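**Student:**
Numbering (our numbering), first residue to last: 11 to 565.
1. Span of the alpha helix (DSSP H) holding residue 224?
2. So the candidates are 232, 226, 211; which of them puts its Cα closest to the Cα of residue 200?
3. Scan the stretch 334-383 and note each continuous beta strand (DSSP E) run of 3 residues or more that stays entirely inside, going in chain order.
4. I'd like to know if the stretch 131-140 and the stretch 496-504 are in contact, where contact means that at least 3 CB-CB pairs between them fall below 8 Å.
5. Beta-carbon within less than 7 Å of residue 385's beta-carbon, same chain only, minus the 5 sequence neighbours each way: which residues are those?
6. What's the C-alpha gap between residue 388 and residue 512?
7. Per DSSP, residue 421 is paired with what?
8. Return the residue from the list 438, 63, 457, 96 that minimises the CA-CA distance to residue 72.
9. Give a yes or no on contact between the stretch 425-442 and the stretch 389-407, applying the rule of three or more CB pairs nearer than 8 Å.
10. List the residues that DSSP assigns as beta-bridge partners of residue 430.
11. Cβ atoms of residue 378 and residue 357: under 8 Å apart, would you say?
12. Thinking residue 62 and residue 109 are a contact (beta carbons under 8 Å), I'd like their distance in whole angstroms, please.
13. Beta-carbon separation of residue 66 and residue 138 under 8 Å?
14. Counting only the same chain and skipping the five closest in sequence on each side, list residues whose C-beta sits under 7 Å from that of residue 531.
15. CB residue 174 to CB residue 502, shorter than 8 Å?
16. Which value, in whole angstroms, describes the spacing of the CA atoms of residue 426 and residue 458?
17. Applying the 10 Å Cβ sphere with the 16-neighbour rule, what's the burial state of residue 477?
18. With distances taken from CA atoms, which of 371, 127, 437 is nearest residue 450?
19. Can you confirm whether the stretch 157-168 touches the stretch 198-218 when touching is taken to mean that 3 or more C-beta pairs between the two stretches lie within less than 8 Å?
20. Evaluate contact between the stretch 307-327 and the stretch 339-354, counting only Cβ atoms and requiring at least three cross-stretch pairs below 8 Å.
21. Following the continuous beta strand (DSSP E) through residue 453, name the residue where it begins and the one where it ends.
22. On the DSSP bridge list, what partners appear for residue 62?
23. If contacts are defined as beta-carbon pairs under 8 Å, then residue 93 and residue 122 qualify, I think. What distance do you get, rounded to the angstrom?
24. State the Cα-Cα distance for the pair residue 280 and residue 102, rounded to the nearest angstrom.
25. On the criterion of 16 or more Cβ atoms from any shown chain inside 10 Å, does residue 479 qualify as buried, or is it exposed?
26. Go through its chain and collect everything with a Cβ distance to residue 564's Cβ below 7 Å, but skip five positions before and after it.
27. For residue 360, count neighbouring Cβ atoms within 10 angstroms of its own Cβ and tell me buried if that reaches 16, exposed if not.
28. So, is residue 226 buried or exposed, given that buried needs 16 or more other C-beta atoms within 10 angstroms?
29. Roughly how far, in whole angstroms, is the beta-carbon of residue 51 from the beta-carbon of residue 74, given that I think they are within contact range, below 8 Å?
30. Taking its Cβ as the centre, do 16 or more other Cβ atoms sit within 10 Å of residue 179, making it buried, or is it exposed?
31. What's the gap between the Cα of residue 416 and the Cα of residue 465?
32. Measure the CB-CB distance between residue 238 and residue 331 and report whether it falls below 8 Å.
33. To the nearest angstrom, report how far apart residue 541 and residue 410 are at their CA atoms.
34. Could you pull out every residue in the same chain whose Cβ sits closer than 7 Å to the Cβ of residue 472, ignoring the five residues on either side in sequence?
35. If you drop the 5 nearest sequence neighbours on each side, which residues of the same chain put their C-beta closer than 8 Å to that of residue 346?
36. To which residues does DSSP link residue 281 through a beta bridge?
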């Protein structure tokens, strides 16, 4: 009997040994009559949908074990496993909050794939999970009048510090410092060169740009027309102990360009992502480019210039206090300053801060207004004037090779997608999700505002006005009227401003309380028209009328 019992014990021990081990999902050998060990079963969904920008835990994996064992979770695969973190308790989150406009999933389709494994210690189960990221349009927008009663504002630029203030350029020769949250304007002008500026016709103080190192150097540049009509590009310095005040004695005309007529002066200047200064100059005026400057690469008229103002490559020439940057496309007998040509009056332009693309608003002659594009390293582009006006033959010959057509154009007229004088705009990169990537622009004579999604822009292809998005209703201001759009500008937060030549400035911003970062002072009423400004309204109206007639007459 003792030997028989010993034999039974040995046999049972052998059976138990055969049934031991890791206990994977495929090893279900059991002692006869013992309960079956089954894998966990997922009770959480196999799909999740989250808005872009989601941070923290957005999904919790859950599973039950038939034997009541505790269950833990791990990531075990999927094309986008590296984008996630998962706790042992099943809490899932993105390592970096997803961006709908810049998806990082394997297929770049905003559907992230990951596999989650549940384990009870011996048995496992796996759940393929898909996470769909949706677009968020963000806060609704409003267009708030920041200030009224300014003296023909013509340009706006950010103050490169942490104050949120902007520079506002007035055509007669003053640059003012303004606080956008409440429209307050500093009592002392940043720069005042009135008396040194001609305002005949389309002349005036037309352009402004701070140097990339303004915070430390205090250097800035202005583009103006002096009393005899000559264009001057001047460099100034702020006072050493006060970045809010220019030193008027520091003015240095680093470039002078004779300009024979009082229209088509151009006037925009701006530093590119390469640190060089770009200068937009009109064709010299008159109808139809009578001097044929647009196609003459030996003259600076009708061009985008590119110069290095931090150096002096012409020490013996007092009118050329700059150097020619490497990469400029032309040499003598052409003007080495020329970066692009074939332009009529590139009055307002801008760089996209994300891509570095240069958008050029070139005012047309009698039929077409156009937007041109120069991407980084596209030196020497010929935009066609006066051979072409937009995509229409102006002087010809037709089918001239080597011309770069506009990326967008519209016809003259009074309709919702027509106008008479394009005001080149900016690519929106500010806090409003619904506007990001939109190129915003308008017309000076007809109060039309439009946008084009930059994702559909293709060099060599012209977008017709039928594809413009009309923004007149979207950009209806809370007070005032947008009717003489002379410039678009930005602040350091990339909020976009619309400068109205009649003295008003507007900002496009999130509606307070809907996700925008606006201070309480932003809710304040706009600054009223001062008595002094009101007394100037009649003369201002006459000046506006003259310029409108000049533009519409295309003299």
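Just so you know, even glycine gets a beta-carbon here, dropped at the ideal spot from N, CA and C.
Since the model is a prediction, treat every value here as computed from it, not as a measurement.
**Tutor:** Here's the rundown:
1. Your numbering for residue 224 matches position 214 in the chain shown. Residue 224 -> alpha helix (DSSP H) spans 224-227.
2. Numbered from its first residue, the chain shown carries residue 200 at position 190. It is 232 whose Cα lies nearest to the Cα of residue 200.
3. Correct list: 348-351, 356-361, 368-372.
4. No contact exists between the stretch 131-140 and the stretch 496-504.
5. For the purposes of this step, residue 385 is identified with residue 375 of the chain shown, where counting begins at 1. Answer for residue 385: 367, 469, listed in chain order.
6. As a first step, residue 388 is located in the chain shown; it is residue number 378 there, counting from the start. As a first step, residue 512 is located in the chain shown; it is residue number 502 there, counting from the start. Computed Cα separation, rounded: 37 Å.
7. Taking the first residue of the chain shown as 1, we reach residue 421 at position 411. Answer is 378.
8. Reading the chain shown from its first residue, position 62 is the one you call residue 72. The shortest Cα separation from residue 72 among 438, 63, 457, 96 belongs to 96.
9. The stretch 425-442, when compared against the stretch 389-407, does not touch it at the 8 Å Cβ threshold.
10. The residue given as residue 430 occupies position 420 in the chain shown. Per DSSP, none; premise fails for residue 430.
11. Here residue 357 corresponds to residue number 347 of the chain shown, with the count starting at 1. Here residue 378 corresponds to residue number 368 of the chain shown, with the count starting at 1. Against a cut-off of 8 Å, the Cβ pair of residue 378 and residue 357 comes out as no contact.
12. Here residue 62 is taken as the residue at index 52 of the chain shown, counted from 1. Here residue 109 is taken as the residue at index 99 of the chain shown, counted from 1. About 6 Å; that satisfies the 8 Å criterion.
13. Stepping through the chain shown from its first residue, residue 66 is reached at position 56. Stepping through the chain shown from its first residue, residue 138 is reached at position 128. No, the pair does not count as a contact, with Cβ atoms beyond the cut-off.
14. Working through the chain shown from its first residue, we reach residue 531 at position 521. At residue 531 the pLDDT is 34, less than 50, meaning the model places this residue with poor confidence and gives no usable figure here.
15. As a first step, residue 174 is located in the chain shown; it is residue number 164 there, counting from the start. As a first step, residue 502 is located in the chain shown; it is residue number 492 there, counting from the start. Cβ atoms of residue 174 and residue 502: closer than 8 Å.
16. Here residue 426 corresponds to residue number 416 of the chain shown, with the count starting at 1. Here residue 458 corresponds to residue number 448 of the chain shown, with the count starting at 1. A direct Cα-to-Cα measurement between residue 426 and residue 458 gives close to 7 Å.
17. If you number the chain shown from 1, residue 477 lands on position 467. Its Cβ having fewer than 16 others within 10 Å, residue 477 is exposed.
18. Indexing the chain shown from 1 puts residue 450 at position 440. The residue among 371, 127, 437 with its C-alpha nearest the C-alpha of residue 450 is 437.
19. yes
20. yes
21. Here residue 453 refers to the residue found at position 443 of the chain shown. Run containing residue 453: 448-453, per the beta strand (DSSP E) assignment.
22. The residue you call residue 62 lines up with position 52 of the chain shown. The bridge partners DSSP lists for residue 62 come to none.
23. The residue labelled residue 93 in the question sits at position 83 within the chain shown. The residue labelled residue 122 in the question sits at position 112 within the chain shown. Correct: roughly 6 Å between the Cβ atoms.
24. As a first step, residue 280 must be located in the chain shown, where it is residue number 270. As a first step, residue 102 must be located in the chain shown, where it is residue number 92. When rounded, the distance between both Cα atoms is 46 Å.
25. In the chain shown, counting from the first residue as 1, residue 479 sits at position 469. That one is exposed.
26. On the chain shown, position 554 is the one that residue 564 refers to. Here the model assigns residue 564 a pLDDT of 47, short of 50, so the residue's position is not dependable, and the following value carries that caveat. Cβ neighbours of residue 564 beyond the five flanking positions: 297, 375, 376.
27. As a working mapping, residue 360 is identified with position 350 in the chain shown. Burial call: buried.
28. Taking the chain shown and counting its residues from 1, the one referred to as residue 226 is at position 216. With fewer than 16 other Cβ atoms within 10 Å, it is exposed.
29. For the purposes of this step, residue 51 is identified with residue 41 of the chain shown, where counting begins at 1. For the purposes of this step, residue 74 is identified with residue 64 of the chain shown, where counting begins at 1. Yes, they are in contact, since the Cβ atoms of residue 51 and residue 74 sit about 6 Å apart, within 8 Å.
30. Working through the chain shown from its first residue, we reach residue 179 at position 169. Here residue 179 is buried, its C-beta having at least 16 other C-beta atoms within 10 Å.
31. Along the chain shown, one-based indexing puts residue 416 at 406. Along the chain shown, one-based indexing puts residue 465 at 455. The C-alpha of residue 465 is placed about 16 Å away from the C-alpha of residue 416.
32. Here residue 238 is taken as the residue at index 228 of the chain shown, counted from 1. Here residue 331 is taken as the residue at index 321 of the chain shown, counted from 1. Not closer than 8 Å, so no.
33. Translated into the one-based positions of the chain shown, residue 541 becomes position 531. Translated into the one-based positions of the chain shown, residue 410 becomes position 400. The pLDDT assigned to residue 541 is 40, lower than 50, so where the model puts this residue is not dependable, and the model offers no usable value.
34. Taking the first residue of the chain shown as 1, we reach residue 472 at position 462. Apart from sequence neighbours up to five positions away, the residues of its chain that approach residue 472 with a beta-carbon distance below 7 Å are 401, 415, 416, 417, 418, 419, ordered along the chain.
35. For the purposes of this step, residue 346 is taken as residue 336 along the chain shown, with counting starting at 1. Answer for residue 346: 334, 338, 340, listed in chain order.
36. For the purposes of this step, residue 281 is identified with residue 271 of the chain shown, where counting begins at 1. Residue 281 pairs with 287.
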